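In the UniProt record's numbering, the protein residues as written are 1 to 213.
Below you'll find the structure, written out as structure tokens, and then a few comments.
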């Protein structure tokens, strides 16, 4: 195993077992993962607030165009399929990482990036279409909460894409070791979290709004 020169050898001695996943083979790596779970707790609070705001304002459309007239479920389903598939490919990347197959891991991360970019492209197209129909951030309280919620999620997806790109560069430069494996695993956790948030958006924003229209 190639050991990064930033790793304290004593840390590796504490985790000598090959059964231990690579991302957990240093004490710092284990703490990083635990800390990231704490960070996701703060992210849950953020999105809970945005969802709460959305549901409070769900009927505040005033005289603006109602969402049922502009929602394109075909596009939304395509976005959902794309993002959920990217979660699957991200999981495959972690599987290959634990097997030590660096090339395959990077290929699956590449597919994850392409799917993530595809999702962002469709979301931007969706927002442009809504704006052309007269639904913008300033149209009504409902549309303000809608764009704030989905825009925040989209921004997080963009950050996840950038994160994976940086990790690919680091793996190319340093190889696969406990440090880069730890970063890859944490990025994958982040990506899965965004997929879970999207499931709530798909259910609570699109499907629910069509039912109660």
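The C-beta atom is built at its ideal place from N, Cα and C for all residues, glycine as well.
Small disclaimer: the values here were computed from a predicted structure and weren't measured.
Same chain, Cβ closer than 6 Å to residue i, neighbours up to 5 away in sequence not counted
| i | result |
| --- | --- |
| residue 147 | 137 |
| residue 115 | 82, 85, 86 |
| residue 119 | 79, 82, 83 |
| residue 171 | 180 |
Beta-carbon contacts of residue i that lie in its chain and below 8 Å, excluding the five residues immediately before and after
| i | result |
| --- | --- |
| residue 153 | 47, 194, 197, 198, 201 |
| residue 71 | 206, 209, 210 |
| residue 117 | 161 |
| residue 91 | 188, 192 |
Which listed residue (the options) has its alpha carbon closest to that of residue i
| i | options | result |
| --- | --- | --- |
| residue 134 | 43, 56, 63 | 63 |
| residue 143 | 58, 45, 44 | 58 |
| residue 149 | 25, 34, 53, 33 | 53 |
| residue 67 | 145, 36, 105, 99 | 145 |
| residue 155 | 43, 100, 175, 33 | 43 |
| residue 101 | 175, 187, 188 | 175 |
| residue 130 | 69, 56, 36 | 69 |
Residue interval of the alpha helix (DSSP H) (run including residue i)
| i | result |
| --- | --- |
| residue 135 | Unbroken run through residue 135: none, as it is neither H nor E. |
| residue 45 | 27-56 |
| residue 96 | 73-99 |
| residue 64 | Careful: residue 64 lies outside any alpha helix (DSSP H) and carries neither H nor E. |
| residue 179 | 178-201 |
Straight-line Cα distance separating residue j from residue i
| i | j | result |
| --- | --- | --- |
| residue 141 | residue 80 | 25 Å |
| residue 204 | residue 77 | 14 Å |
| residue 20 | residue 185 | 14 Å |
| residue 126 | residue 65 | 15 Å |
| residue 122 | residue 25 | 39 Å |
| residue 190 | residue 162 | 12 Å |
| residue 39 | residue 75 | 31 Å |
| residue 50 | residue 95 | 33 Å |
| residue 159 | residue 113 | 11 Å |
| residue 36 | residue 99 | 23 Å |
| residue 173 | residue 41 | 32 Å |
| residue 55 | residue 151 | 16 Å |
Residues of its chain near residue i, where Cβ-Cβ distance is below 7 Å and the 5 sequence neighbours each way are ignored
| i | result |
| --- | --- |
| residue 109 | 93, 164, 168 |
| residue 111 | 89 |
| residue 61 | 140, 142 |
| residue 106 | 168, 171 |
| residue 103 | none |
| residue 124 | none |
*Spell out a yes or no on whether the segment 177-194 and the segment 28-47 are touching, meaning 3 or more CB-CB pairs, one atom from each, closer than 8 Å.*
yes
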